[in-house]
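Student: Every letter in the sequence shown is one number past the one before it in our numbering, and letter 6, counting from 1, is -8.
Glycine included, every Cβ here is placed at the ideal spot set by N, Cα and C.
Can you read through this structure? Questions will come right after.
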Amino acid sequence: MVRALVNGAGGFIGGHLVQNLKSKGYWVRGADLVPHEYSASHADEFLLGDLRDPAFSRRVSEGIDVVYQLAADMGGAGYIFTGDHDAEVMHNSATINLNALEQGRLAGVKRFFYSSSACIYPEYNQLDPDNPKCSEDSAYPAAPDSEYGWEKLFSERLYLAYARNYSLDIKIARFHNVFGTEGAFEGGREKAPAAICRKVAATPDGGEIEIWGDGKQTRSFLYVDECLDGINRLVESTFPGPVNIGSEEMVTINQLAEMVIAISGKKLTLRHIPGPLGVRGRNSDNHLIREKLGWSPSRPLVEGLEKTYRWISSQLQKA
Ligand code: NAD
-13 MVRALVNGAG GFIGGHLVQN LKSKGYWVRG ADLVPHEYSA SHADEFLLGD
37 LRDPAFSRRV SEGIDVVYQL AADMGGAGYI FTGDHDAEVM HNSATINLNA
87 LEQGRLAGVK RFFYSSSACI YPEYNQLDPD NPKCSEDSAY PAAPDSEYGW
137 EKLFSERLYL AYARNYSLDI KIARFHNVFG TEGAFEGGRE KAPAAICRKV
187 AATPDGGEIE IWGDGKQTRS FLYVDECLDG INRLVESTFP GPVNIGSEEM
237 VTINQLAEMV IAISGKKLTL RHIPGPLGVR GRNSDNHLIR EKLGWSPSRP
287 LVEGLEKTYR WISSQLQKA
């Protein structure tokens, strides 16, 4: 039986990944600073602790075949792009990754999955909302638009260096805006799809919702189940990456909001206000993952939005 460690198991993707690995018959240990906020963990063992602490990182790595490293100090644009959390984000996430590799290696772990981000791509290739460039080989010369992106790029290199020098099996994915049920939708760390679902669900028919910026910035969004499928394909392959795991269904933020409004059945208008934005355009480029792993998302954006909207509405009704 494969013994897996999921770092960040109390978080959004980590929580879903634990369930997915259990359904595949793995023995799973989860580790996080906090328990999962929205459901009881399906992990065989869930250890609460700080992965910045080498001793805790070592303890959770003992007896493990594969580490899924998803723990990070992160959030949506309201957290990443204001500049207020830059030092914490870089220090906390880099320390977690340094420990995960060094303590994992010392504990005898041979295989690591690392969750990098589309935020590593250079801002200069993402100025035109209609034609952003995010092919894997466009990462250099590096110029991420956030310190979060710089830390991810540093850590990608750290994982690759450990693979080279310690013969570890390393897999690196660059996620593009993953969304879904059982993720943050309030409190400041939520991302655009969850924030928009919350605003639409909380606004009475005929009202208006606020959108940061002019709403013409483009992005693509990947439903969490598709992301898990991509992770599994990558980890089970011989291809190390880094590789994009994202959707190529690019929409503007205004279009995203209109899709959620249509799902709600309400008539709402958009009011544009100043806010932290990130790059002007971004879309996943799936050429490499199609070629190497035969993977691309199987379902349209609207289906994931329907599930997410329903879940966030039910959470608001409970509150
Ligand atoms: P999340 O914030 O829901 O989960 C991260 C988890 O890490 C949290 O539960 C948090 O408590 C935990 N954590 C943070 N610091 C810790 C510490 N010192 N010790 C122990 N646990 C700690 O985020 P997510 O959306 O599930 O993202 C998972 C990973 O994927 C992250 O590395 C993130 O950077 C990456 N990623 C996510 C997206 C996305 O759209 N969600 C996009 C690109 C990359």
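(1) Runs of 4 residues minimum, wholly inside the stretch 234 to 304: which ones carry the alpha helix (DSSP H) assignment?
(2) Would you be able to state if there are at least three C-beta pairs under 8 Å between the stretch 128 to 146 and the stretch 104 to 117?
(3) Would you kindly check if the distance between the Cβ of ASN218 and the Cβ of ASN272 is under 8 Å?
(4) Rounded to the nearest angstrom, what separates TRP306 and VAL75 at their Cα positions?
(5) Do the stretch 115 to 126 and the stretch 261 to 268 make contact, defined as three or more Cβ pairs closer than 8 Å?
(6) What's the gap between the Cα of TYR12 and the Cα of ASP211?
(7) Looking at the C-beta of ALA57, does it have a partner C-beta in chain B at a distance below 8 Å?
(8) Skipping 5 residues on each side, what residues in its chain have a beta carbon closer than 6 Å to that of SER250?
(9) Under 8 Å, do CYS183 and THR294 count as touching if we go by C-beta distance?
(10) Suppose only complete runs of 4+ residues qualify. What are the alpha helix (DSSP H) ranges in the stretch 25 to 95, listed by chain order?
(11) Taking DSSP as the reference, what is the three-state secondary structure of LEU146?
(12) Taking Cβ to Cβ, would you say GLY193 is nearer than 8 Å to LEU254?
(13) Count the other CB atoms, across all protein chains shown, that sit within 10 Å of the CB of MET236; report buried if there are 16 or more and exposed otherwise.
(14) Between the stretch 163 to 177 and the stretch 286 to 301, do three or more beta carbon pairs fall short of 8 Å?
(15) Which full runs of the beta strand (DSSP E) of 3+ residues lie inside the stretch 131 to 194, going along the chain?
(16) Grab me the residues of PRO179's own chain with a C-beta within less than 7 Å of its C-beta, minus the 5 sequence neighbours each way, in chain order.
(17) Are SER102 and ALA147 close, meaning C-beta to C-beta below 8 Å?
(18) Going by beta carbon distance, what residues of the same chain come within less than 8 Å of SER27, once the five residues before and after it are set aside?
(19) Return the CA-CA distance between ARG(-11) and ALA188, expressed in angstroms with no decimal places.
(20) Just curious, the alpha helix (DSSP H) that ASN6 is in, first and last residue?
(21) What residues are listed by DSSP as bridge partners for GLU196?
(22) For PHE225, which residues in the same chain have their Cβ closer than 6 Å to its Cβ, ignoring the five residues on either side in sequence?
(23) At the level of alpha carbons, what is the spacing between ALA129 and ASN111?
(24) Please go through the same chain and pick out, in chain order, the residues whose beta-carbon is closer than 8 Å to the beta-carbon of VAL288, but skip the five residues on each side of it.
(25) Any heavy atom of ligand 3 closer than 7 Å to the Cβ of VAL237?
(26) According to the Cβ coordinates, are GLU196 and GLY62 closer than 8 Å?
(27) Under the rule that 16 or more other beta-carbon atoms within 10 Å means buried, what is ILE259, buried or exposed?
(28) Looking at PHE330 and ligand 1, is the gap between the Cβ and the nearest heavy atom below 7 Å?
(29) Using a 10 Å radius around the Cβ and a threshold of 16 neighbouring Cβ atoms, would you call GLN303 buried or exposed?
(30) Between ASP59 and LEU34, is the Cβ-Cβ spacing less than 8 Å?
(31) Per the DSSP calculation, SER309 is bridged to which residue(s)?
(32) Suppose the cutoff is 7 Å on Cβ atoms and the five residues either side in sequence are ignored; what does the same chain contact list for GLU48 look like?
Tutor: Short version:
(1) 239 to 250, 273 to 279, 287 to 304
(2) yes
(3) no
(4) Beyond the ends of the chain as shown, which are -13 and 305, falls residue 306; an answer cannot be given.
(5) Yes, the stretch 115 to 126 is in contact with the stretch 261 to 268.
(6) 18 Å
(7) Chain labels in this structure do not include chain B; a single protein chain is all it has.
(8) VAL186
(9) yes
(10) 40 to 47, 63 to 66, 72 to 92
(11) helix
(12) yes
(13) Under this definition MET236 is a buried residue.
(14) yes
(15) 155 to 161
(16) PHE165, PHE207, LEU242, LEU291, THR294
(17) no
(18) ALA(-5), GLY(-4), GLY1, VAL4, GLY16, PRO21
(19) Looking at the two C-alpha atoms, the distance is approximately 42 Å.
(20) -2 to 9
(21) Bridge pairing for GLU196: ARG257 [DSSP].
(22) Around PHE225, the same chain offers LYS278 as residues with beta carbons nearer than 6 Å, after the five sequence neighbours per side are excluded.
(23) ALA129 and ASN111: Cα-Cα distance of roughly 9 Å.
(24) MET245, ILE249
(25) Absent from the structure shown: ligand 3. Ligands present: ligand 1.
(26) no
(27) exposed
(28) The requested residue 330 is not part of the displayed model; the chain covers only -13 to 305.
(29) Classified as exposed, GLN303 has fewer than 16 neighbouring CB atoms from the shown chains inside 10 Å of its CB.
(30) No; because the gap between Cβ atoms is not below 8 Å, this pair is not in contact.
(31) With the chain represented from -13 up to 305, any question about residue 309 goes unanswered, as that position is not in the structure.
(32) Excluding positions up to five away in sequence, the list reads ALA93.
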